[in-house]
Amino acid sequence: MSKSHFETDAVRTRIEKTEFLEHTSPLYLTSSFVFEDAEDMRASFAEEKERNIYSRFTNPNTSEFVDKICKMEGAESGYAFATGMAAVFSTFAALLNSGDHIVAARSVFGSTHTLFTKFLPKWNINTSYFRVDETEKIESLIQPDTKILFAETPTNPAVDILDLELLGEIAKKHNLILVIDNCFATPYLQNPIAFGADLVIHSATKLIDGQGRVLGGITVGKKDLIREIYLFSRNTGPSLSPFNAWILSKSLETLAVRVDRHCENALKVAEFLENHPRVNWVKYPFLRSHPQYEIAKKQMKAGGSIVAFEVKGGVEAGRKFLNSIKMCSLSANLGDTRTIVTHPASTTHSKLSEEDRLQVSITDGLVRVSVGLENVADVIADLDQALSS
Ligand SMILES: *Cc1c(COP(=O)(O)O)cnc(C)c1O
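Going by our numbering, the first residue of the sequence shown is number 18, and it counts up by one from there.
Structure, rendered in C-alpha cells:
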C-alpha cells in the first residue's frame, strides 16, 4: 500500500480511464453491465477477472468511494452500504454464526444497541457489555464462543474515549476480531487499523457527507473478512447506490478542511462552556479536563466535532435550554455544516431508566452539540443566550 498524503488521496483518487476524460469522475447510473460473449460472461461470474457485473455487487462509483476510504484508513479492502446501520448489521451477520458471542462497550449508537439486544439474539448471538470506564473488566467477559470485540470511540453522545491500543492488544491475545465504529472521529482524525483493529465501520451519513444530504455506510479492513462481508452483501442487497457513492466521493475531497474547522470551532465552544456558570461540566476529547485526555491525544489528531455538557437543573433545564435555542438546529443528525443540539435524556434515550442512562454516561441535563461550520462566535452567542434564559 503506497502511503501518500491524506488530502492528496482524498482529492486525486478517482475512476481511471473514463471515455471522455472528465475531470470529475462520471456517474454510472446503471443497474448492470454487458458482456462481450459467453466466455466473457462465464469468466466474469467465475471471478477470473475483476469487472463490474451488476450494481448490487459492485459499480465504478461505489468502488471509487471504497478505494478512497481504504487509502484513508490504511485498509486492504472494503464494501460500501446504503446506510451506516446496513454496514453494522451486514458486518455482524456475515461474520457470526448461531452461538457466537460479542463483547461490546455499553455506549454504542442507539440502533446498534437495539441490534445487539433485540435482533441478534433471535439468531442466538448474544452480547456482553463493559462500561467505557471499566476496560479492566473486558477480559473477564470473554467466553470460548466470543468472536468479536466491538466499540465506538469517541462514544455517542457522551464523547467518552476508549483506548484503541488496549482493545487491539486484548483482541490479539484472545484471537477476536476487533471491529471499531469510527464514525465520530472520521478517517481523518483516527485510524483504528494502526492500533490493531481488523475492521473499521463508518456511517458516511455523518461527517463523511458532512452536508446533511445522503445516507451511506462502509466497512473496511482485512481482505479475508471483507470477502465474507462482500459475499453476504452481494446476495442480500444492502449496497450503496451509485448516486450516493458519487456524492460521498466528492464529499471526501473536502473532508480534511471541513473537519479541521469543525474541530477548531468545537474546541472554542467547549472552552466557552467550561467557564459558564450555568454549566456543571463539559466533555470534549481535547480539553485537558476530559478523563481520557491522554488517550485521546495518543490516538486522535484533533478532538472532533461533538461537545457534551450538562446544564445545571436536570431534565427540565435541558428541555428549557433546547426550547430557548434560536439559530442552532434541533435535529437527529450530527456532523453537519449546521450546528445541531440534542437532549438525549428526553429524546433518543428517554426509554431507558435513569440507572441505565447513567451506565452510558447520560445524565438528565446532558446536552450534545454537534458543532458546525457557522462562524463560531454566532454559535457561542446562541448557546449563551439559551443558557441565560
Ligand atoms: C449515525 C451512526 C450510525 C448509523 O448510521 P446511519 O447512516 O444513520 O445508518 C452508526 N454509528 C454511529 C456512531 C453513528 O453516529
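Cβ coordinates follow ideal geometry from the N, Cα and C atoms, glycine included. Please read all numbers here as calculations on a predicted model, not as lab measurements.
The criterion of a C-beta distance shorter than 8 Å is satisfied by P302 and I178. When DSSP states are grouped into helix, strand and coil, F98 belongs to the strand group.
Using a C-beta cut-off of 8 Å, the region 185-203 makes no contact with the region 290-299, since fewer than three inter-stretch Cβ pairs fall below that distance. The beta carbon of L269 lies closer than 6 Å to those of A27 and K85 in the same chain, with the five residues before and after it left out. Listed as beta-bridge partners of H219 by DSSP are I235. Judged by DSSP secondary structure, N297 falls within the beta strand (DSSP E) whose first and last residues are V296 to K300. Between ligand 1 and the CB of E90, the shortest heavy atom gap is not smaller than 7 Å. In this structure, L181 lies away from G321, with their beta-carbon atoms at least 8 Å apart.
Distances between the C-beta of D198 and the heavy atoms of ligand 1 include at least one below 7 Å. In this structure, the C-beta of S220 approaches ligand 1 to less than 7 Å from one of its heavy atoms.
Here the region 75-94 makes no contact with the region 123-140; the two share fewer than three CB pairs at distances below 8 Å. Between the beta-carbon of V388 and that of V396 there is about 6 Å, and that keeps the pair under the 8 Å contact cut. Straight across, the Cα-Cα distance linking I264 with T236 is about 18 Å. Contact between L390 and T354 holds: CB atoms are separated by about 5 Å, below the 8 Å threshold. The beta carbon of I142 sits closer than 6 Å to the beta carbons of L113 and D117 from its chain, once the five residues preceding and following it are set aside; these are given in chain order. With distances taken between CA atoms, N173 lies nearest to T129 out of V276, T129 and M344. Taken through DSSP and simplified to helix, strand or coil, K314 comes out as helix. Under the three-pair Cβ rule at 8 Å, the region 249-264 does not count as touching the region 298-314. Taken atom to atom, the span from the alpha-carbon of T356 to that of R295 is near 20 Å. The closest heavy atom of ligand 1 lies 7 Å or more from the beta carbon of N141. Short note on T364: C-beta not closer than 7 Å to any heavy atom of ligand 1. Counting along the chain, N143 sits inside no alpha helix (DSSP H); it lies in the beta strand (DSSP E) bounded by residues N143 to F147.
With a 10 Å radius around the Cβ and a threshold of 16 neighbouring Cβ atoms, T25 comes out exposed.
Distance from the C-beta of F201 to the nearest heavy atom of ligand 1 is below 7 Å. DSSP links A122 through a beta bridge to F147. Between the alpha carbons of L195 and K239 lies a distance of about 11 Å. In its chain, beyond the 5 residues on either side, E327 have a beta carbon closer than 6 Å to the beta carbon of W298. Note on M58: under 16 other CB atoms within 10 angstroms of its CB, so exposed under the neighbour-count rule. Within the same chain, A111 come within 8 Å of L248 by CB-CB distance, once the 5 residues on both sides are set aside. Per the C-alpha coordinates, the member of V149, F167, E151 and Q160 positioned closest to F109 is F167. Membership of F326 in the beta strand (DSSP E) is indicated by the continuous run I323 to V328. If you keep only unbroken beta strand (DSSP E) runs of at least 3 residues inside the region 152-195, you get 163-169.
At a cut-off of 7 Å, the beta-carbon of G234 counts as near ligand 1: some heavy atom of the ligand is closer than that. Proximity of the beta carbon of K135 to ligand 1 is not indicated: no heavy atom of the ligand is located closer than 7 Å. Sequence-distant Cβ neighbours of K318 in its own chain, meaning closer than 6 Å and more than five residues away, are L206. Residue side-chain check: V105 places its Cβ nearer than 7 Å to a non-hydrogen atom of ligand 1.
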